[in-house]
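A.B. asks: I have a structure I would like to understand better, so I am pasting it below and will then ask my questions one at a time.
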Amino acid sequence: MKWQRDFGLTIRVWFTMFLLLIVYLIFLSVLSALGVGVGWLILVAGGLAFVQYFFSDKLVLWTTKARIVDEQEYPELHAIVSRLAAEVDIPKPRVAVVQTPVPNAFATGRSPSHAVVAVTDSILRLLSPKELEAVLAHELSHVKNRDVLTLTVASFLAMVAAIIMQNAWLFSMTSRRDQGNPWIVAWVVAIIVWLVSTLLIRALSRYREFAADRGSALITRRPHDLITALEKISQRMDYVPPKEKQAVEGANMFYIIPALSGRSIMELFSTHPPLEKRVAALQQIEAQLVSGV
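Take any residue in the sequence shown, count from 1 to its spot, add 33: that is its number in the working numbering.
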């Protein structure tokens with residue numbers, strides 16, 4: 034089938050990126066007006082972004098303790114990934130498995146040719162073959178849409194704001210008394226910029242999840258399989274010990290369903306849309322597929 038994009042989602046993504054650009058331009062203008070030298074800060078943030086982008090696959094595999102597996106070890110899993118990769122016209126990603134009771138899946142890598150798709154051993158036991166295929170199609174949609182690149186670019190200057198927030202006291206101590214202390218104002222501005230940009234980046238992340246859900250529905254032509262998979266994962270997550278979920282929380286942005294060890298968080302700060310909204314969107318796509326619209 035021909036790959037299709039949701040233009041409504043695409044417009045929201047680009048509008049969010051535009052708002053982020055405006056926030057960052059204002060931020061840099063204020064810092065410049067204060068006389069705060071941020072050249073080296075941008076270099077530091079650039080270095081972090083470089084590592085995040087070019088080594089994202091290795092970092093995520095390391096933090097999640099995911100292990101690359103070959104076809105002899107997991108032939109059925111490899112067969113599904115190979116078929117789906119051919120369906121969306123991308124190189125077959127490497128396949129990894131994580132040993133954890135947290136049922137989940139994720140994709141990472143800076144481009145389709147450097148991608149990794151990982152699943153947990155518990156999700157392999159939880160889902161039916163069709164549901165697993167729907168989940169993997171969701172992850173390959175992230176790869177196709179180059180979501181790692183999108184979120185890395187979006188979060189670049191937010192890193193600069195975070196560095197100022199965390200180290201403004203140190204910069205303040207090294208400022209010359211006769212030049213005043215612009216770092217105090219810069220610290221306040223950085224907090225505001227970090228908060229606003231975080232909200233926008235989280236919104237962007239939620240749009241990417243909706244887009245990946247849509248991609249899965251169109252690839253498999255079976256939105257209901259993704260719905261049941263998401264519901265099974267969410268329900269099983271309630272029975273996973275908090276300690277096990279806490280151990281993998283650092284990779285929540287990558288997961289198909291976030292593993293939250295505490296109480297529910299505010300929707301604005303979530304990296305994923307609420308399950309109810311994802312199900313409703315998938316049901317709408319299912320109705321369109323049935324009617325042939």
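Each residue gets a CB set at the ideal place from its N, CA and C atoms; glycine is no exception.
Classify Y57: buried if its beta carbon has 16 or more other beta carbons within 10 angstroms, exposed otherwise.
C.D. replies: As a working note, residue 57 is residue 24 in the sequence shown. The residue is buried, with at least 16 neighbouring Cβ atoms inside 10 Å.
A.B. asks: Look up I351 in the DSSP assignment and say whether it is helix, strand or coil.
C.D. replies: Because the chain is modelled from 34 through 326, residue 351 falls outside the range shown and cannot be assessed.
A.B. asks: Within 10 angstroms of the Cβ of E106, are there 16 or more other Cβ atoms? Answer buried if so, exposed if not.
C.D. replies: As a working mapping, residue 106 is identified with position 73 in the sequence shown. Exposed is the call here.
A.B. asks: Is there at least one Cβ from chain B nearer than 7 Å to L233's Cβ?
C.D. replies: No chain B is present in this structure, which holds just one protein chain.
A.B. asks: So for V102, helix, strand or coil by DSSP?
C.D. replies: Within the sequence shown, numbered from 1, the residue matching residue 102 stands at position 69. V102: coil per DSSP, three-state reduction.
A.B. asks: So within the stretch 121-173, which uninterrupted alpha helix (DSSP H) runs reach at least 4 residues, ignoring any that extend past its ends?
C.D. replies: Listed in chain order, they are 154-159.
A.B. asks: Taking only runs of the alpha helix (DSSP H) that begin and end inside the stretch 221-292, which ones reach a length of at least 4 residues, in chain order?
C.D. replies: Counting whole runs of 4 or more residues, the stretch 221-292 contains the alpha helix (DSSP H) stretches 256-270, 275-281.
A.B. asks: Applying the criterion that 16 or more other CB atoms from any shown protein chain within 10 Å of the CB defines a buried residue, is V3 buried or exposed?
C.D. replies: With the chain covering only 34 through 326, there is no way to say anything about residue 3.
A.B. asks: Roughly how many angstroms separate the alpha carbons of R239 and L67, rounded to a whole number?
C.D. replies: To locate residue 239, count along the sequence shown from 1; it is residue 206. To locate residue 67, count along the sequence shown from 1; it is residue 34. Roughly 35 Å between the two C-alpha positions.
A.B. asks: Tell me whether P215 sits in a helix, a strand or coil according to DSSP, three-state version.
C.D. replies: For this step, residue 215 is matched to residue 182 along the sequence shown. Helix, per DSSP.
A.B. asks: Relative to the C-alpha of D246, which candidate in P126, P307, I59 has its C-alpha closest?
C.D. replies: On the sequence shown, residue 246 is found 213 positions in, with the first residue counted as 1. Considering only alpha carbons, the answer is P307.
A.B. asks: Count the other CB atoms within 10 Å of the CB of A99; is the residue buried (16 or more) or exposed (fewer)?
C.D. replies: Sequence index remark: in the sequence shown, residue 99 carries index 66 (1-based). Buried.
A.B. asks: Rounded C-beta distance between I290 and I266? I'm assuming under 8 Å.
C.D. replies: On the sequence shown, residue 290 is found 257 positions in, with the first residue counted as 1. On the sequence shown, residue 266 is found 233 positions in, with the first residue counted as 1. I290 to I266, Cβ: 5 Å. Contact.
A.B. asks: Among V273, L322, E104, which one has its Cα closest to the Cα of V135?
C.D. replies: Along the sequence shown, read from residue 1 onward, the residue named residue 135 stands at position 102. Among V273, L322, E104, the Cα nearest to that of V135 is on V273.
A.B. asks: Residues in its own chain within less than 8 Å of G80 by CB, not counting five upstream and five downstream?
C.D. replies: Against the sequence shown, residue 80 aligns to sequence position 47. Hits under 8 Å: none found.
A.B. asks: Kindly list the residues whose CB is nearer than 7 Å to the CB of E120, restricted to its own chain and excluding five residues on each side of it in sequence; keep chain order.
C.D. replies: Your numbering for residue 120 matches position 87 in the sequence shown. Excluding positions up to five away in sequence, the list reads I252.
A.B. asks: What's the gap between the Cα of R311 and the Cα of A244?
C.D. replies: Numbered from 1 along the sequence shown, position 278 holds the residue referred to as residue 311. Numbered from 1 along the sequence shown, position 211 holds the residue referred to as residue 244. Computed Cα separation, rounded: 10 Å.
A.B. asks: Take the Cβ of K177 as the centre, count every other Cβ of all protein chains shown within 10 Å, and call the residue buried at 16 or more, exposed below.
C.D. replies: Mapped onto the sequence shown, residue 177 falls at position 144. Result: buried.
A.B. asks: Taking the straight line between their C-alpha atoms, what separation do you get for P256 and I217?
C.D. replies: Here residue 256 refers to the residue found at position 223 when the sequence shown is read from its first residue. Here residue 217 refers to the residue found at position 184 when the sequence shown is read from its first residue. For P256 and I217, the distance between alpha carbons rounds to 51 Å.
A.B. asks: Could you tell me whether the stretch 84-98 touches the stretch 126-143, where touching means 3 or more Cβ pairs closer than 8 Å?
C.D. replies: Counting Cβ pairs under 8 Å, three or more are found: they touch.
A.B. asks: Span of the alpha helix (DSSP H) holding Y57?
C.D. replies: By 1-based counting over the sequence shown, the position of residue 57 is 24. Here the alpha helix (DSSP H) through Y57 covers 40-67.
A.B. asks: Which of the three DSSP states is assigned to S324 in this structure?
C.D. replies: Counting from one through the sequence shown, the residue named residue 324 turns up at place 291. If DSSP states are grouped into helix, strand and coil, S324 belongs with the helices.
A.B. asks: Below 7 Å CB to CB, which residues in the same chain sit around G283 once its five sequence neighbours on both sides are set aside?
C.D. replies: What you label residue 283 is simply residue 250 of the sequence shown in a count that begins at 1. Taken in chain order, the residues that qualify are T96.
A.B. asks: What number of angstroms, rounded off, separates the C-alpha of E104 from the C-alpha of P124?
C.D. replies: Numbered from its first residue, the sequence shown carries residue 104 at position 71. Numbered from its first residue, the sequence shown carries residue 124 at position 91. Spanning the two alpha carbons is a distance of roughly 16 Å.
A.B. asks: Are there 16 or more other CB atoms within 10 angstroms of the CB of L117, so buried, or fewer, so exposed?
C.D. replies: Counting from one through the sequence shown, the residue named residue 117 turns up at place 84. So L117 ends up on the buried side.
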